[in-house]
Amino acid sequence: GPCDDQAGEGELSKVDRTNAAVGQSFLAWVDKKDADNVNNMVYINLLENPERFTGYAGLSAARVWKAIYDENCFVSQELCLEERVFYRLISGLQASISTHIALEFRVGNG
């Protein structure tokens with residue numbers, strides 16, 4: 235079948251590490267102390283708490299994702315590198331969650 239052909243698999247998983255020197259690309263970053271109270275933060279282990287259906291649907295789910303996308307500290311009108319990376323990470327997270335939910339809660343999966 236089509237899945238039997240593994241040609242090119244190594245190329246797909248290859249990681250380009252040519253610019254991987256730690257800190258080299260981010261010399262302009264500044265370490266800021268976060269104003270948030272760390273005592274109110276909660277650590278959630280996603281290995282122990284995998285993505286699953288939360289009951290949010292329709293407008294409620296859209297409001298949750300909008301809040302996640304909008305909750306950031308970017309102030310400029312142009313997208314900087316950090317903002318593009320942030321949005322790609324959040325987009326990937328949303329895709330992963332949606333995929334895992336679809337896998338677990340597909341129609342007819344009684």
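Each residue of the sequence shown is one higher than the last, beginning at 235 in my numbering.
Don't be surprised by glycine CBs; every beta carbon is placed ideally from N, CA and C.
Worksheet item: Among Glu338, Thr333, Asn306 and Ile331, which residue has its Cα nearest to the Cα of Phe320?
Response: As a working note, residue 320 is residue 86 in the sequence shown. It is Asn306 whose Cα lies nearest to the Cα of Phe320.
Worksheet item: Which one of Thr333, Ala336 and Ile324 has the shortest CA to CA distance from Val298?
Response: As a working mapping, residue 298 is identified with position 64 in the sequence shown. If we check each option's Cα against that of Val298, Ile324 comes out closest.
Practice prompt. Could you tell me the distance, in whole angstroms, from the CA atom of Leu337 to the CA atom of Tyr290?
Written response: Position 103 of the sequence shown, counting from 1, holds the residue named residue 337. Position 56 of the sequence shown, counting from 1, holds the residue named residue 290. Rounded to whole angstroms, Leu337 to Tyr290 spans 17 Å at the Cα level.
Worksheet item: What separation, rounded to the nearest whole angstrom, lies between the Cα atoms of Ile197 and Lys300?
Response: Look at the range of the chain in this structure, 235 to 344, and you will see that residue 197 is not part of it.
Worksheet item: Leu281 by DSSP, collapsed to three states: which one?
Response: Translated into the one-based positions of the sequence shown, residue 281 becomes position 47. Leu281 falls in the coil class under three-state DSSP.
Worksheet item: Which two residues bound the contiguous alpha helix (DSSP H) that contains Glu338?
Response: Taking the first residue of the sequence shown as 1, we reach residue 338 at position 104. Per DSSP, Glu338 belongs to the alpha helix (DSSP H) from Leu315 to Glu338.
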